[in-house]
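S.K.: Top to bottom, those sequences are chains A and B.
Heads up: the first sequence is residues 453 to 901, going by the numbering used here.
Heads up: the second sequence is residues 1218 to 1533, going by the numbering used here.
The C-beta atom is built at its ideal place from N, Cα and C for all residues, glycine as well.
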Amino acid sequence: MSEIKKQNDDAIMEKIRKDLLHHLPTRPLAFKLWVGFLLTIIGVALWGYVIQFNEGLAVTGMRDYVSWGLYIASFVFFVAVALVGMLLSAVVGLLKQKWITPLSRIAEMIALAFVMMAGIIIVVDMGRPERLLNVFIYGRFQSPIVWDITVVQVYILISFLLLFLPMLPDLGIIRNHMKNDLPKWQWKLYNILSLGWVGTPGQYKIMHSTIRVLLILIVPVALGIHTVTSWLSAMTLRAGWDSTIFGPYYVTGAFVAGTGAVAVATYFIRRAYHLEEYITDYHFDKLGQLMVLVSLVYLYFNLNEFWVPAYKMKTADAHHIHTLFSLDGEYGVMFYLTQLFGLILPIIFGLFKRFRKPFPMMIIGVSLVVGAWFKRVIIIIPTLIHAYLPIQNVPESFHEYNPTGLEITVTLGVIAVAVLIVTILAKLFPVVPLWEIAEEKGVDIERNL
Amino acid sequence: MSQNVTPEATSRRNFLKRFGVTVGAAGAVTSLGLLSACATDDDEMVTLLTTDGKTVQVPKSQMKVNLKEMEERGREGIPGKKFVMVIDLSKCRNARKCMRACQGAHHLKPEQHHINVLRMENDERAGFYYQPKPCQHCDNPPCTKVCPVDATFKRQDGIVLIDNERCIGCRFCIAACPYSARVFNWSEPKYVEGDENRVYDIELNVPQKKGTVTKCLFSADRLRIGKLPYCVSACENGVYWFGDANEDAVTNGTSKETIRLSTLLEENAAYTLMPELGTKPSVYYLPPKNRLFKYKYDEENDDWMKQHESKEGLES
């Protein structure tokens, strides 16, 4: 390699390092306040959970008819958001779309954090959490719960690897250049995690082929995790859940929720770490286009899911449809607001280029994510309110579902843990992959950068 | 029903007779248990009440009821049996004796129904009728399919049971049951005196446990000793027939009359609930035709929960 090229490369690398690693040693006040805020929510939620653990699930609004509530709805939500890791890195990435480069790591961080919380909130929902091990001791493969636990674990593993392996060159760079800028423990952390990365062509070859295998593997696993999650409902005989399209309905809904989450996270991380030069309007524009595409597919599945039973009005389905479609039905208002803010409006705004800019995309993302959460509530709860047989000889509270403050707090707490994990990951590690940016800029990366 | 006593049940009875004790601490009425055979010399002696009212001294080690053995026996069921229930809707007048007997036997709170008498209205013009609804003990049970830990299961005699020592409280079975036959212990269950030290009886599901599911068991504990279920025996109006489909015989809980199951079902155009779901229930219903009683519905006085607010201890 010519000396000029090498000097040129070094200059580019220095700029990239300066731009993308400057946030690692700093702990600004805003960061501390944000973490403190999240920890406060988590602390209150923990206290709530201790009460729930001691008193039993009676402290929630769930009762014998609506026996699944916010926890299970949030579980579905977490799995849904987590699927974005697969959508961006694998599906879009394997299609050789270059624009995902600075976004894919954020997507993987969200995926890992949210899928872990999906596992946690299932335990929160259990009546006997201390018997969790029974699932491994007595597990029956006929039960969709066992399928779900299996795929969730595999997805956690693959998501972790897809976050960690492409980070190795970056960790090597940090180890080489930031020994004096970082606290001792932090440098040691990168030193250990970099696994002796020196960037030989052989190392890159192993890394690339491993990532490729993982990217292909994660597609069926991610489809599996959310299809199985939908089967938790669809495998029952209940009107409203008894649907053959629940698998793709969930998966497409997940893409919508995940794209929204990436838009929100990217917006704030970009602002906090001044990444405007690396994550540009172009990326938000592309993300917006992807959002419109997946939302349109989801709209199509919504049409099938609601219009087909609404046309036929079988007795049990009719009760369900009335609950959702009628404005005086228990979930009518929530249904229309959710469809409007979680689907229709984002599609309409997303069609215009001027709304596919960072700030409008963040607003659309918030609308999508909040809408996605309420949509999960609408999928899980109204079905349970309408049992086949009349609900009689039980207290009034059994006829409906009103989540308690404690239940809402614990749910928010688990969401806060997911956000905290993303926050810490984005603080501790480079958000935008340095080596991929360097490669795009023509730097010869096959050396100890 | 006496012909329903199995050889196993008979030998168990003899076994108990030989020792001359009812199981359980003196005074306390408890369910069945197995006595372990070996006693050591330095064993503490316990006073027990025998069946004929005398007190005897028994080594404490022999008192041990073996949980594992009870669970194994409970999971196996009674060989050669296929228990069925026939509910004659023309005779039900919402007396709710079945509900009270059931909640008393299984230590349930007023809102926890293993059997629930529902006021049904198929069509506005057809009026209403009362329909007792126990667990349907389906031959294709949607609930046992989805259980992740095999805590709820179907035995060879057709009964669907629940093991609350294993249940993790995920409530998937509640979501899966189209008959809403399952209830959950959302808080500490109702304890009856003696429950604290009682060994769990899987065939009675007592003591109940917080955070686990509970449901109708067809009174498997009573069937083991050759008796009719609690609800069936408690009914005063002859609503319930109970028996063994393999023997093709059912006994009426009120009149104790035993007749052919197939004849009863054929002659009365029996049906099962929601056959279109393919669950194949073991509970048959006879249509509410030629009703024995004039139905009346008194919204105020028929309110089950209000009845329980006003007076306690209905499970007498």
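Show which residues of chain A have a CB atom less than 9 Å away from the CB atom of B:LEU1494.
M.R.: The contacting residues are LEU689 and TYR840.
S.K.: Checking the sheet assignment: what are the DSSP bridge partners for B:THR1431?
M.R.: B:THR1431 is bridged to B:VAL1400.
S.K.: Taking A:VAL496 and A:THR861 to be in contact with their CB atoms under 8 Å, please state how far apart those CB atoms are, rounded to whole angstroms.
M.R.: Going by Cβ atoms, the distance from A:VAL496 to A:THR861 rounds to 6 Å, so yes, they are a contact pair.
S.K.: Which word fits A:ILE658, buried or exposed, when buried means at least 16 other C-beta atoms lie within 10 angstroms of its C-beta?
M.R.: Exposed, since its Cβ has fewer than 16 Cβ neighbours within 10 Å.
S.K.: Just to confirm, is the Cβ distance from A:ILE670 to A:ILE610 under 8 Å?
M.R.: For A:ILE670 and A:ILE610, yes; Cβs fall inside 8 Å.
S.K.: Determine which residues of the stretch 843 to 861 of chain A have a Cβ less than 9 Å from any Cβ of chain B, and write them out in chain order.
M.R.: Against chain B - using a Cβ distance shorter than 9 Å - the residues of the stretch 843 to 861 of chain A are ILE843, GLN844, ASN845, VAL846, PRO847, GLU848 and PHE850.
S.K.: Which runs of the beta strand (DSSP E), 3 residues or longer, sit entirely within the stretch 1456 to 1502 of chain B?
M.R.: List check, beta strand (DSSP E) in window: 1457 to 1461, 1466 to 1469 and 1475 to 1477.
S.K.: In the DSSP assignment, the beta strand (DSSP E) including B:PRO1349 goes from what residue to what residue?
M.R.: Segment 1346 to 1350, the beta strand (DSSP E) holding B:PRO1349.
S.K.: What's the gap between the Cα of B:LYS1362 and the Cα of B:LYS1497?
M.R.: Their backbone Cα atoms lie some 14 Å apart in a straight line.
S.K.: Residue ranges of each beta strand (DSSP E) run of no fewer than 3 residues wholly in the stretch 1356 to 1391 of chain B, ordered along the chain?
M.R.: Those beta strand (DSSP E) runs which fall completely within the stretch 1356 to 1391 of chain B and span 3+ residues are 1369 to 1371 and 1377 to 1379.
S.K.: Under 8 Å by Cβ, that's how I've got B:ASN1547 and B:ASN1422 pegged, so tell me the actual separation to the nearest angstrom.
M.R.: Because chain B spans 1218 through 1533 in this model, residue 1547 of chain B falls outside it and cannot be assessed.
S.K.: Using a Cβ-Cβ cut-off of less than 7 Å, list which residues of the stretch 519 to 533 of chain A approach chain B; keep chain order.
M.R.: Hits within the stretch, in order: SER519 and TRP520.
S.K.: Ordered along the chain, which non-local residues of its own chain (more than five positions away) have a Cβ less than 6 Å from that of B:PRO1424?
M.R.: Cβ neighbours of B:PRO1424 beyond the five flanking positions: ASP1412 and ARG1415.
S.K.: Please return the same chain residues whose Cβ sits closer than 6 Å to the Cβ of B:ILE1391, not counting the five positions on each side in sequence.
M.R.: These residues qualify, in order along the chain: ARG1399.
S.K.: Which residue wins for smallest C-alpha separation from B:LYS1432, given the options B:GLU1338, B:GLN1320 and B:ASP1269?
M.R.: Answer by Cα proximity: B:GLN1320.
S.K.: So B:ASP1305 is in the beta strand (DSSP E); what residue range does that whole segment cover?
M.R.: Taken as a continuous stretch (DSSP letters only), the beta strand (DSSP E) holding B:ASP1305 covers 1300 to 1305.
S.K.: Can you tell me the Cα-Cα spacing of B:ARG1383 and B:LYS1427, whole angstroms?
M.R.: Rounded to whole angstroms, B:ARG1383 to B:LYS1427 spans 12 Å at the Cα level.
S.K.: What residue range does the beta strand (DSSP E) around A:ASN754 cover?
M.R.: Not the beta strand (DSSP E): A:ASN754 falls in the alpha helix (DSSP H), residues 733 to 754.
S.K.: Closest to A:ASN754 by C-alpha separation, out of A:GLY740, A:GLY802, A:GLY705 and A:THR732, would be which residue?
M.R.: Per the Cα distances, A:GLY705.
S.K.: Is B:SER1436 close to chain A, meaning its C-beta is less than 8 Å from at least one C-beta of that chain?
M.R.: Cβ-Cβ to chain A under 8 Å: no for B:SER1436.
S.K.: Please report the residue range of the beta strand (DSSP E) in which B:ARG1336 lies.
M.R.: 1333 to 1337 is the extent of the beta strand (DSSP E) around B:ARG1336.
S.K.: Spatial neighbours of A:ARG828 within its chain, please: CB distance less than 6 Å, with the 5 preceding and 5 following residues excluded, ordered by chain position.
M.R.: ALA525, VAL528 and PHE529.
S.K.: Is there contact between the stretch 739 to 755 of chain A and the stretch 795 to 814 of chain A, where contact requires at least three CB pairs shorter than 8 Å?
M.R.: Flag = yes, the stretch 739 to 755 of chain A and the stretch 795 to 814 of chain A touch.
S.K.: In three-state terms, what does DSSP make of B:VAL1275?
M.R.: If DSSP states are grouped into helix, strand and coil, B:VAL1275 belongs with the strands.
S.K.: Give the secondary structure of A:VAL671 by DSSP, where H, G and I count as helix, E and B as strand, and everything else as coil.
M.R.: Note: A:VAL671 maps to helix in three-state DSSP.
S.K.: To the nearest angstrom, how far is it from the Cα of A:ALA921 to the Cα of A:LEU872?
M.R.: Residue numbering for chain A in the displayed model covers 453 to 901; residue 921 of chain A lies beyond these limits and cannot be assessed.
S.K.: Should A:LYS636 be labelled buried (16 or more other beta-carbon atoms within 10 Å of its own) or exposed?
M.R.: Per the 10 Å Cβ criterion, exposed.
S.K.: Using a Cβ cut-off of 8 Å (strictly closer), state whether A:LEU547 contacts chain B.
M.R.: It does not: the Cβ of A:LEU547 has no partner Cβ on chain B nearer than 8 Å.
S.K.: Within a Cβ cutoff of 8 Å, which residues of the same chain sit near A:ILE897, ignoring the five residues on either side of it in sequence?
M.R.: So the qualifying residues of the chain are PRO621, GLY651, TYR656, TRP887, ALA890 and GLU891.
S.K.: When Cβ atoms are compared, which residues of the stretch 1415 to 1430 of chain B fall closer than 9 Å to chain A?
M.R.: For the stretch 1415 to 1430 of chain B, which is checked against every Cβ of chain A, the residues closer than 9 Å are LYS1426, LYS1427, GLY1428, THR1429 and VAL1430.
S.K.: Given a threshold of 16 other Cβ atoms within 10 Å of its Cβ, counted over all protein chains shown, does B:GLU1338 qualify as buried or as exposed?
M.R.: Per the 10 Å Cβ criterion, exposed.
S.K.: With three or more beta-carbon pairs closer than 8 Å as the criterion, would you say the stretch 776 to 795 of chain A touches the stretch 808 to 826 of chain A?
M.R.: Touching, per the Cβ criterion.
S.K.: Name the DSSP beta bridge partners of B:THR1264, please?
M.R.: According to DSSP, B:THR1264 bridges with B:GLN1274.
S.K.: Tell me whether A:ARG479 is buried or exposed, calling it buried when 16 or more other Cβ atoms sit within 10 Å of its Cβ.
M.R.: Looking at its Cβ environment, which holds fewer than 16 other Cβ atoms inside 10 Å, A:ARG479 is exposed.
S.K.: Just to make sure I have the definition right: I need the residues of chain A whose C-beta is within less than 7 Å of the C-beta of B:ASP1367. Which are they?
M.R.: Those are TYR590 and ARG592, listed as they occur along chain A.
S.K.: Would you kindly report the start and end of the unbroken alpha helix (DSSP H) that includes A:ASP462?
M.R.: First-last of the alpha helix (DSSP H) with A:ASP462: 455 to 473.
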